[in-house]
């Protein structure tokens, strides 16, 4: 599996999670967004 494809799918998954978090509680959404950024930076 090409690494570029898996990275694209990973970003798409993060985007969906971010959208879901924004539609729920704003504060917890910010926290998980920071976690997502840290996870993406550690790739």
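Residue numbers (the working numbering): -10 to 32. Glycine included, every Cβ here is placed at the ideal spot set by N, Cα and C.
Residue i, DSSP secondary structure in three states
| i | result |
| --- | --- |
| residue 31 | coil |
Cβ shell of residue i (< 7 Å), same chain only, five flanking positions each side left out
| i | result |
| --- | --- |
| residue 7 | 22 and 25 |
| residue 28 | none |
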